[in-house]
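Here is the structure we will look at, set down as structure tokens.
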Amino acid sequence: MNKLMAANWKMHKTIKEAEATASELLDLLSGKLPEDRDVLIIPPFTALKAAADILLTRLGYSVGAQNLYPEEKGAFTGEISPSMIKEAGGRFALAGHSERRHVMGEPDDFVGKKVGFGLSHGLAMILCIGETIDERKAGEVEDVLKRHLDTGLAEVPADVNAEEIVVAYEPVWAIGTGEVAKPSDIVEAHGFVRKELEEKFGPKGNAIRILYGGSVKPDNATEIMGLDNVDGVLVGGASLQADSFSKIVTA
Ligand code: PGA
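Numbering (our numbering), first residue to last: 10 to 260.
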């Protein structure tokens, strides 16, 4: 399966800015997107359709949403359903990003509901998992990853297609801090996630993509992409400029 090079734009970019960055990215990567890599742009909801209109004109590009609500429709002020995301051109959605868990206070079982609901409504889901610095210092990394995986994947059917589910390991202390996890930390965490996925899904667990996220930049992307069980990256800050993200995509 292709490596997934994902850009999480978080609460950045107006429609016009998103269009400009998407167009610039296509220009920079024109004829240079490696055959074994797919690009995924995750803009804010308001720019989803505008980015899709530009990016979905080329093979190898998709767009996704940063969040979803696990209901089809109804009185859920401020929320967005999978069908709305799909109509705007979204193919993927994130669930459990550390900013949702730690800033918005989303509990583990709610993250699991979103993953299950998104999948059963035609979206590919990216489950984000990762420990805080206190949890790492307390030696709880594997406990946290196991809990995030158990709860986050609780509603994923055993016959899920491996392409439809992605896990992103994002240590909270490495997100937006410039402090990237050491290669040995990444290999250890991804190896643990792989083992858990194989236990849950059998041989298919080996095909499920595991992304690394947390201060990925053009100058560390090549090393990270070369590590065992790293099937792509989820990039925040360094994805906001087409120039730096295109370097990461081709790293
Ligand atoms: P960062 O964010 O690349 O800015 O550390 C990653 C993420 O939050 O997905």
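Don't be surprised by glycine CBs; every beta carbon is placed ideally from N, CA and C. Please read all numbers here as calculations on a predicted model, not as lab measurements.
For Asn264, name the three-state secondary structure that DSSP assigns.
With the chain running from 10 to 260 in the structure shown, residue 264 is simply not present.
Is the beta carbon of Gly105 within less than 7 angstroms of some heavy atom of the ligand PGA?
For the purposes of this step, residue 105 is taken as residue 96 along the sequence shown, with counting starting at 1. It does not: the Cβ of Gly105 is nowhere closer than 7 angstroms to a heavy atom of the ligand PGA.
Measuring only the C-alpha atoms, how far is Ala230 from Ala84?
Along the sequence shown, read from residue 1 onward, the residue named residue 230 stands at position 221. Along the sequence shown, read from residue 1 onward, the residue named residue 84 stands at position 75. Going from the Cα of Ala230 to the Cα of Ala84 covers about 43 angstroms.
Which residue marks the beginning of the beta strand (DSSP E) containing Ala251, and which one marks its end?
Within the sequence shown, numbered from 1, the residue matching residue 251 stands at position 242. Ala251 -> not in any beta strand (DSSP E); alpha helix (DSSP H) instead, spanning 251–258.
With burial defined as no fewer than 16 other Cβ atoms inside 10 Å of the residue's Cβ, what is the status of Glu179: buried or exposed?
Taking the sequence shown and counting its residues from 1, the one referred to as residue 179 is at position 170. In this structure Glu179 is buried. Its beta-carbon is surrounded by 16 or more other beta-carbon atoms within 10 angstroms.
Is it true that the CB of Leu37 sits closer than 8 angstroms to the CB of Ala247?
Numbered from its first residue, the sequence shown carries residue 247 at position 238. Numbered from its first residue, the sequence shown carries residue 37 at position 28. No, the pair does not count as a contact, with Cβ atoms beyond the cut-off.
Quick one: Cα of Phe152 to Cα of Gly185, how far?
Position 143 of the sequence shown, counted from the first residue, corresponds to residue 152. Position 176 of the sequence shown, counted from the first residue, corresponds to residue 185. Position check: residue 152 holds Asp in this sequence, whereas Phe was assumed. The alpha-carbon atoms of Asp152 and Gly185 are separated by roughly 23 angstroms.
Count the other C-beta atoms from every protein chain shown that fall within 10 angstroms of the C-beta of Pro116, then say buried if there are 16 or more, exposed otherwise.
Mapped onto the sequence shown, residue 116 falls at position 107. Exposed, because fewer than 16 other Cβ atoms sit within 10 Å of the Cβ of Pro116.
Starting from Val176, trace the beta strand (DSSP E) both ways and give me its first and last residue.
One-based indexing of the sequence shown puts residue 176 at position 167. Residues 174–178.
Comparing the CB of Glu208 with every heavy atom of the ligand PGA, is any distance shorter than 7 angstroms?
In the sequence shown, counting from the first residue as 1, residue 208 sits at position 199. For the ligand PGA, no non-hydrogen atom lies closer than 7 angstroms to the CB of Glu208.
Is the Cβ-Cβ distance between Leu236 and Val196 less than 8 angstroms?
Position 227 of the sequence shown holds residue 236. Position 187 of the sequence shown holds residue 196. For Leu236 and Val196, yes; Cβs fall inside 8 angstroms.
Is it buried or exposed for His111, if we count other Cβ within 10 angstroms and need 16 for buried?
Along the sequence shown, one-based indexing puts residue 111 at 102. Classification of His111: exposed, given that the 10 Å Cβ count is below 16.
By Cβ distance, which residues of its chain are closer than 8 angstroms to Asn215, with the 5 residues on each side in sequence left out?
Residue numbering aside, residue 215 sits at position 206 when the sequence shown is read from its first letter. Here Asn215 has Arg203, Leu206, Glu207 as same chain residues with Cβ atoms under 8 angstroms from its own Cβ, once five neighbours each way along the sequence are excluded.
I'd like to confirm something about Ser255: is its beta-carbon nearer than 7 angstroms to some heavy atom of the ligand MG, or not?
Judged by which ligands are present, the ligand MG is missing from the structure shown, whose ligands are the ligand PGA.
Suppose the cutoff is 8 angstroms on Cβ atoms and the five residues either side in sequence are ignored; what does the same chain contact list for Leu154 look like?
As a first step, residue 154 is located in the sequence shown; it is residue number 145 there, counting from the start. Counting only Cβ-Cβ distances below 8 angstroms, and skipping sequence neighbours, we find Ile138, Gly139, Glu140, Tyr178, Ala198, Phe201, Val202, Glu205.
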